[in-house]
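K.L.:
Residue numbers (my numbering): 439 to 682.
Written out as structure tokens, the structure reads:
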């Protein structure tokens, strides 16, 4: 397993690589997971920087959750979504943040904060921008070299929003650097091939989607015939055998 401070550039897939996306289906004594397998047919660079496009933020102040657009936060075409005509495209990237004391908060999908706390559904509290939890700052994911701390995977029908908080001593303009790749993929549905990937006989890179919960994730209709439902033991076998 890679450390969270690993640069995203060292983890991107190559053309003809196999990978699978992992989703929780049910939790409890017998958890189940949905797996969707793909092959990267074409890889394109994903790069977008935000400097003058973002407004300065006063010390101990923030900008609310919004989508990242071509012209800035909440402005222009949404870059954190895959268009209807590309149901098999997957975006794999991270954010670099500057200055280092700026905090980035992520919602994925927009109605659900990405967090690590094990709260019951009834007890989940709303994350406020500026909270001392569930953020990534520029020390963890520097602008020049975005890391896995702020890794994101976006696919058709899954969107995201970000918020920014200035934890510094003075008013300052934040900068963001989105760096990664877009994959045009081919779904893998052959059970024999999938079983070999799970066993580790054929290389396959598992891609987990941090923060996603079964009640909040919409699977594209185009994918639904391609799912494989596995138990925790089978998933662990894949995680041990997949190339990382």
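Virtual Cβ for every residue (Gly too), placed ideally from N, Cα, C.
Quick caveat: nothing in here was measured; it's all calculated off a predicted structure.
1) Any heavy atom of the ligand ATP within a distance shorter than 6 Å of the CB on residue 482?
2) DSSP on residue 665, reduced to helix/strand/coil?
3) Across the stretch 481-490 and the stretch 609-622, are there enough close Cβ pairs to call them in contact, namely three or more that are closer than 8 Å?
4) Tell me, please, which residues DSSP counts as bridged to residue 510.
5) Would you be able to state if there are at least three C-beta pairs under 8 Å between the stretch 593-606 and the stretch 500-510?
6) Please report the distance separating the alpha-carbon of residue 543 from that of residue 593.
7) By the DSSP assignment, the alpha helix (DSSP H) with residue 657 in it spans what residues?
8) Using the beta-carbon count (16 or more within 10 Å), is residue 635 buried or exposed?
9) Give the secondary structure of residue 443 by DSSP, where H, G and I count as helix, E and B as strand, and everything else as coil.
10) Look at the Cβ atom of residue 612, then the Cβ atom of residue 511, and state whether they are nearer than 7 Å.
11) Just how far apart, CA to CA, sit residue 627 and residue 449?
12) Which term fits residue 653, buried or exposed, when burial requires 16 or more other beta carbons within 10 angstroms of its beta carbon?
13) What separation, rounded to the nearest whole angstrom, lies between the Cα atoms of residue 529 and residue 451?
14) Go ahead and label residue 487 buried or exposed: buried means 16 or more other beta carbons lie within 10 angstroms of its beta carbon, across all protein chains shown.
15) Just curious, the alpha helix (DSSP H) that residue 675 is in, first and last residue?
16) For residue 562, which three-state DSSP category applies?
17) Quick check on residue 635: does DSSP put it in helix, strand or coil?
18) Using a Cβ-Cβ cutoff of less than 7 Å, which residues in the same chain neighbour residue 515 once the five nearest sequence positions on both sides are dropped?
19) Using the DSSP secondary-structure output, state which residues sit across from residue 618 in a beta bridge.
20) Mapping DSSP to helix, strand and coil, what is residue 569?
P.N.:
Reading off the structure:
1) Ligands are entirely absent from the displayed structure, and the ligand ATP is therefore not among its contents.
2) coil
3) yes
4) 507, 513
5) yes
6) 20 Å
7) Here residue 657 belongs to no alpha helix (DSSP H), and DSSP marks it neither H nor E.
8) buried
9) coil
10) no
11) 25 Å
12) Residue placement at residue 653 is poorly supported in this model, since its pLDDT is 46, which falls under 50; the coordinates still yield a value, given next. Exposed, by the Cβ-count rule.
13) 11 Å
14) exposed
15) 670-679
16) For residue 562, the pLDDT reaches just 44, beneath the cut-off of 50, and the residue's location in the model is therefore unreliable, although a value from the coordinates is still provided. Looking at residue 562 - three-state DSSP - the assignment turns out to be coil, as it is neither helix nor strand.
17) helix
18) 507, 508
19) 484, 531
20) coil
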